[in-house]
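*Asks:* Taken in order, these protein sequences are the chains called A and B. Just so you know, my numbering puts the end of the first sequence at 121, numbered straight through with nothing missing. Just so you know, my numbering puts the end of the second sequence at 121, numbered straight through with nothing missing.
2 protein chains.
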Amino acid sequence: MQGMEKIVEKTLLYDFYGELLTDHQREVYGDVVLGDLGYSEAAQEYGVSRQGVHDLVKRVDRQLEDYEKKLGLVKRFLEIRLEVTQIRTMADRGNISREDTARMVQICDRILTEL
Amino acid sequence: MQGMEKIVEKTLLYDFYGELLTDHQREVYGDVVLGDLGYSEAAQEYGVSRQGVHDLVKRVDRQLEDYEKKLGLVKRFLEIRLEVTQIRTMADRGNISREDTARMVQICDRILTEL
Numbered sequence: 007m008q009g010m011e012k013i014v015e016k017t018l019l020y021d022f023y024g025e026l027l028t029d030h031q032r033e034v035y036g037d038v039v040l041g042d043l044g045y046s047e048a049a050q051e052y053g054v055s056r057q058g059v060h061d062l063v064k065r066v067d068r069q070l071e072d073y074e075k076k077l078g079l080v081k082r083f084l085e086i087r088l089e090v091t092q093i094r095t096m097a098d099r100g101n102i103s104r105e106d107t108a109r110m111v112q113i114c115d116r117i118l119t120e121l
Numbered sequence: 007m008q009g010m011e012k013i014v015e016k017t018l019l020y021d022f023y024g025e026l027l028t029d030h031q032r033e034v035y036g037d038v039v040l041g042d043l044g045y046s047e048a049a050q051e052y053g054v055s056r057q058g059v060h061d062l063v064k065r066v067d068r069q070l071e072d073y074e075k076k077l078g079l080v081k082r083f084l085e086i087r088l089e090v091t092q093i094r095t096m097a098d099r100g101n102i103s104r105e106d107t108a109r110m111v112q113i114c115d116r117i118l119t120e121l
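Dropping the structure here:
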C-alpha cells in the first residue's frame, strides 16, 4: 500500500504531465496507480502480462518524475496555491488593515515573479 | 520580421517547455528565434546548413505548440497572472471595501480551481 502523500504527488504529476504519455500508458497507469485496479486485473483487462503492467508503471513513474525535474511546474503551482490561499485568508477576514493590503501586494508581486 | 505578439508567445512557450527540447534545439532556436542571430550566422556558428537551421526552427515551433496544445500551461498561467494582477490592483488602492474583499475571495477561489 502506498502512502497518502505519495498518491497525492503522483496524482499531481499525472494531472500536469499525463498528456505527454501515450494513451495506453495513461490508461493503464491511471487504472492501477490512481484507480484501484490490481496488477493482475490490469494485465487481464489490457491483455498484457503482469510483468508488463509492472514495467509500464515503473517506466511511467520515472517519466513523470523526469518531466517534473525538467519543468518543475507542480512545484511552481503548489507555491502559488499556498500564496493565493494566504491572500484568500486575509480577504476572507473582511476587515483589512493597511498592513494586510501591503502584505497582499507583496504576495501578488511574488506570484507574478514566479509566473 | 515577426510581430511582437508572436515573439512574446514564442518566448512563453520556450520558457515553459524549452527543457523538453534537446540541448542543440534549445540553443539554436534560442539564438535564432529569441535572440538576434540570422539563419546564415547560425548555420556557420553551429556547423549546419542554412536549410538545417530553417528545418530545426520549424520543427521546434511545431513541437512547442504541440506541448501547449497537450498541456495548456501557458494559457493557465496567463489567466492566473491576469487574476493576480486584479487582486494586486485592488490591494494597492489601500482602502478596501467589503465588496472588494468579497471579490478578492471570489478571484482567489477561481485561481485555486484552476491550479
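Just so you know, even glycine gets a beta-carbon here, dropped at the ideal spot from N, CA and C.
Please list the partners that Asp21(A) has in chain B, where partner means a Cβ-to-Cβ separation under 8 Å.
*Replies:* On the first sequence, residue 21(A) is found 15 positions in, with the first residue counted as 1. By Cβ distance, chain B contributes nothing, its closest Cβ being about 10 Å from Asp21(A), past 8 Å.
*Asks:* Pull up the CB-CB distance for Phe22(B) and Leu88(B), whole angstroms please, since I reckon it's below 8 Å.
*Replies:* If you number the second sequence from 1, residue 22(B) lands on position 16. If you number the second sequence from 1, residue 88(B) lands on position 82. Not quite, the Cβ-Cβ distance comes to about 17 Å (not below 8 Å), so this is no contact.
*Asks:* Should Ala49(A) go down as buried or exposed, given a rule of 16 or more other Cβ atoms within 10 Å for buried?
*Replies:* Start at 1 with the first residue of the first sequence, and residue 49(A) comes out as number 43. Looking at its Cβ environment, which holds 16 or more other Cβ atoms inside 10 Å, Ala49(A) is buried.
*Asks:* Measure the alpha-carbon distance for Gln125(A) versus Asp98(A) and round it to whole angstroms.
*Replies:* Since the displayed chain A opens at 7 and closes at 121, residue 125(A) lies outside it and no answer follows.
*Asks:* How big is the Cα-Cα spacing for Ala108(A) and Leu121(A)?
*Replies:* Taking the first sequence and counting its residues from 1, one reaches residue 108(A) at position 102. Taking the first sequence and counting its residues from 1, one reaches residue 121(A) at position 115. Approximately 20 Å between the Cα atoms of the pair.
*Asks:* Can you tell me whether DSSP reads Leu121(B) as helix, strand or coil?
*Replies:* Within the second sequence, the letter at position 115 stands for residue 121(B). Here Leu121(B) sits in coil by DSSP.
*Asks:* Any chance the region 30-48 of chain B sits against the region 60-68 of chain B, with 3 or more Cβ pairs inside 8 Å?
*Replies:* The region 30-48 of chain B, when compared against the region 60-68 of chain B, does touch it at the 8 Å Cβ threshold.
*Asks:* The alpha helix (DSSP H) spanning Gly58(A) covers which residue range?
*Replies:* To locate residue 58(A), count along the first sequence from 1; it is residue 52. Per DSSP, Gly58(A) belongs to the alpha helix (DSSP H) from 56-77.
*Asks:* Quick check: the Cα distance between Ile86(A) and Ile113(A), rounded to an integer number of angstroms?
*Replies:* Translated into positions along the first sequence, residue 86(A) becomes position 80. Translated into positions along the first sequence, residue 113(A) becomes position 107. If I take the Cα positions, the gap works out to 9 Å.
*Asks:* Is there a Cβ of chain B sitting closer than 8 Å to that of Thr119(A), yes or no?
*Replies:* What you label residue 119(A) is simply residue 113 of the first sequence in a count that begins at 1. With 8 Å as the cut-off, Thr119(A) does not count as an interface residue toward chain B.
*Asks:* Could you tell me the alpha carbon to alpha carbon distance between Gly36(A) and Phe83(B), rounded to whole angstroms?
*Replies:* Along the first sequence, read from residue 1 onward, the residue named residue 36(A) stands at position 30. Along the second sequence, read from residue 1 onward, the residue named residue 83(B) stands at position 77. In a straight line, the C-alpha of Gly36(A) is about 25 Å away from that of Phe83(B).
*Asks:* Which word fits Gly53(A), buried or exposed, when buried means at least 16 other C-beta atoms lie within 10 angstroms of its C-beta?
*Replies:* If you number the first sequence from 1, residue 53(A) lands on position 47. The residue in question, Gly53(A), is exposed, as its Cβ has fewer than 16 Cβ neighbours within 10 Å.
*Asks:* Only counting the same chain, and skipping five residues up and downstream in sequence, which positions put a Cβ closer than 8 Å to that of Glu51(B)?
*Replies:* Along the second sequence, read from residue 1 onward, the residue named residue 51(B) stands at position 45. Only Asp37, Leu43 meet the Cβ criterion.
*Asks:* For chain A, is any of its Cβ atoms less than 8 Å away from the one on Leu77(B)?
*Replies:* Translated into the one-based positions of the second sequence, residue 77(B) becomes position 71. Yes, because at least one Cβ of chain A sits closer than 8 Å to the Cβ of Leu77(B).
*Asks:* Name, please, each residue of chain B whose Cβ falls closer than 9 Å to the Cβ of Leu26(A).
*Replies:* Along the first sequence, read from residue 1 onward, the residue named residue 26(A) stands at position 20. Residues of chain B passing the Cβ test: Leu26, Tyr73, Lys76, Leu77.
*Asks:* Do we get a CB-CB distance below 8 Å when we pair Gly100(A) with the residues of chain B?
*Replies:* Here residue 100(A) corresponds to residue number 94 of the first sequence, with the count starting at 1. Yes, Gly100(A) counts as interfacial toward chain B.
*Asks:* Since Val66(B) meets chain A, which of its residues come closer than 8 Å, beta carbon to beta carbon?
*Replies:* By 1-based counting over the second sequence, the position of residue 66(B) is 60. Here the premise fails: no neighbours, minimum Cβ distance about 16 Å.
*Asks:* From which residue to which residue does the alpha helix (DSSP H) around Val34(A) run?
*Replies:* Taking the first sequence and counting its residues from 1, the one referred to as residue 34(A) is at position 28. Residues 29-35.
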